[in-house]
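If you count the sequence shown from 1, position 72 lands on 78 in this note's numbering, and the numbers rise without skipping.
Quick reminder that beta carbons are idealized off the backbone N, C-alpha and C, glycines included.
Worksheet: one structure, shown below.
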Amino acid sequence: MSRSTTTSTSILAGMILCLVAVMFFWPGTRWLAADDVPAPKPELAFAVNRARTTTDGRLYPAFYGYVISPHAVAAGGRVYCAFQNADGCPTAMAYDIAEKSWAGPVEVSSFGLGRDSHGNPSLCVDRRGHLHVFYGCHGGPMRHARGTKPYDIAAWEERPAAARRATYPQSMRMADDTIRLFYRAGGHMAPWTMQSSSDDCFTWSEPEAIIEMRLAPRDPLAAAYCNFFPGTDGKTIHCFWNHKDDNASRVRGDRKHPWRPLKYPGLHEAVYRYNVYYVRRDPDGAWRNAAGRKMELPISKARADAHCLVYDSGDEFTLLGYKSRLAVDAAERPYVKIYTGVVDWTTGLEHPKVSIVPMRSKFARFAPGGWQISDRMPGDWPAEVAAVISARGLAAYGDRSAGRWFIFTPRYPIRPGTGSFVFLYNEKTGYATRKGGPAMID
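Structure follows, in structure tokens:
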């Protein structure tokens with residue numbers, strides 16, 4: 007090869023490298039991962055929940071993670087956000103994507119659960135553009151409010167409760183405009199249930215139990231924490247969940263666990279969560295495991311262990327909460343980041359934790375042959391999946407034409423005496439800030 011040919015080849019290679027670099031780093035050409043997003047400073051927030059504490063002394067959260075979802079929906083050229091104020095009342099704000107301006111905050115309802123933060127709202131938008139907020143329930147009636155005008159948060163009307171006993175609403179609008187509403191039908195051990203509406207939430211189907219861990223083996227204190235979310239095609243629904251063992255919190259003194267030795271007795275009742283499971287609802291209405299096996303409903307613990315198990319945590323605990331991430335790719339294949347270890351939750355303003363076995367990340371995806379578990383996110387995961395799995399916040403539902411939106415609130419005050427800041431950012435354009443600084447939500 008001649009020197010001139012070598013030089014030309016080097017120049018061409020350099021030009022290609024420069025083009026790749028420009029494409030990779032130019033704003034709006036790739037997804038933002040957690041490390042790409044600027045640190046969450048107060049001036050980047052769009053709202054702040056003033057400092058209050060919950061009944062057990064923790065900082066009052068503006069919203070939950072996946073257990074109540076979603077907290078943001080993109081529709082009609084806006085991103086609608088719903089969270090609770092310091093009295094537990096649902097609050098709405100809307101970001102105009104083109105104008106880069108905010109509407110609200112607007113109090114959706116004057117009803118709240120006070121310092122019981124389980125009353126957080128779930129938000130969806132129906133086919134006509136009316137917003138619906140499901141909120142204010144912790145074992146009691148689920149409240150439901152509807153925006154009176156399409157794509158507008160200014161005025162709301164109360165609607166009949168969709169469920170008489172509920173906790174943790176999770177709502178979504180499907181491709182056929184059906185609204186699916188999931189919730190735990192009461193307290194810890196109640197089944198996780200689905201109701202559907204084909205007329206924009208005016209009427210609802212009869213409740214259908216999806217996950218019921220008490221059935222087999224018979225265990226009246228077997229519970230679950232479930233996370234339902236819509237697939238990429240808008241026709242499929244995915245669910246990850248873990249086993250909540252309420253027997254464990256009752257092991258004191260000479261009292262033993264009824265069906266297995268308990269390695270870590272005497273901890274906070276909320277930490278006894280084990281394993282990770284997965285199931286999906288296909289467009290034909292059937293529920294199937296990741297391998298495509300049709301699952302009989304409701305899914306018991308025995309059936310979950312045999313057919314839906316993603317990760318066996320043994321004596322250690324798993325969390326599918328604030329720091330977890332759930333995703334599917336364009337082919338509806340599921341991915342999840344979980345946390346596993348042993349930690350005790352104690353009371354106090356900043357919700358301190360006692361670490362017994364340090365919490366660590368696990369990444370799981372389903373591939374031919376079964377679930378693949380790794381300690382680090384594999385480099386061959388699809389770019390969009392990797393962005394969701396590594397993002398700081400939870401992905402908003404709805405329209406993605408302007409890029410995917412993420413919403414999050416840190417668990418602790420960013421500065422002394424200040425409550426939970428709420429952030430919204432876009433994978434292409436960054437944070438959606440509010441002129442004049444974040445709205446103060448009292």
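When secondary structure is reduced to three states using DSSP, I395 falls in the helix class. Every unbroken stretch of the beta strand (DSSP E) spanning 3 or more residues and falling wholly within the region 258 to 344 is given here in chain order: 279 to 287, 315 to 317, 323 to 325 and 331 to 334.
At least 8 Å separates the beta-carbon of Q176 from that of N126. Of the residues P416, G425 and A393, the one whose Cα lies closest to the Cα of R410 is A393. Secondary structure of R256 (DSSP, three-state): helix. The C-beta distance from L119 to Y86 rounds to 22 Å, too long to fall under 8 Å, and the pair is not in contact. Note on the region 172 to 248: whole beta strand (DSSP E) runs with a minimum of 3 residues are 172 to 179, 185 to 190, 198 to 203, 214 to 217 and 228 to 236, in chain order. Every unbroken stretch of the beta strand (DSSP E) spanning 3 or more residues and falling wholly within the region 68 to 153 is given here in chain order: 78 to 81, 84 to 90, 96 to 102, 107 to 113, 128 to 131, 137 to 141, 144 to 146 and 149 to 153. Residue environment: T154 is assigned as exposed (fewer than 16 neighbouring CB atoms within 10 Å of its CB, all protein chains considered).
At a Cβ-Cβ threshold of 8 Å, A296 and P340 count as neighbours. C-alpha of T97 to C-alpha of P374: approximately 44 Å in a straight line. In the three-state reduction of the DSSP assignment, E433 falls in the coil class. For the pair D206 and D158, the CB atoms are not nearer than the 8 Å cut-off.
Exposed is the label assigned to S211, since fewer than 16 other Cβ atoms lie within 10 Å of its Cβ. Straight-line spacing of the CA atoms in K47 and P67 works out to 17 Å. In the pairwise beta carbon analysis, the region 224 to 232 is classified as touching the region 244 to 251: at least three pairs are separated by under 8 Å.
Less than 8 Å divides the Cβ of I413 from the Cβ of A402. In this structure L332 does not touch V316 by the C-beta definition: roughly 11 Å separates them, more than the 8 Å allowed. The Cβ atoms of H77 and L303 lie no closer than 8 Å to each other.
It is roughly 9 Å from the alpha-carbon of H313 to the alpha-carbon of R294.
When DSSP states are grouped into helix, strand and coil, P48 belongs to the helix group.
Here DSSP, grouped into helix, strand and coil, assigns A401 to strand.
Boundaries for G375: no beta strand (DSSP E) harbours it, and the DSSP string shows neither H nor E there.
In this structure, I217 sits near I305, with a CB-CB distance shorter than 8 Å. As computed with DSSP, V349 is found in a beta bridge with S361.
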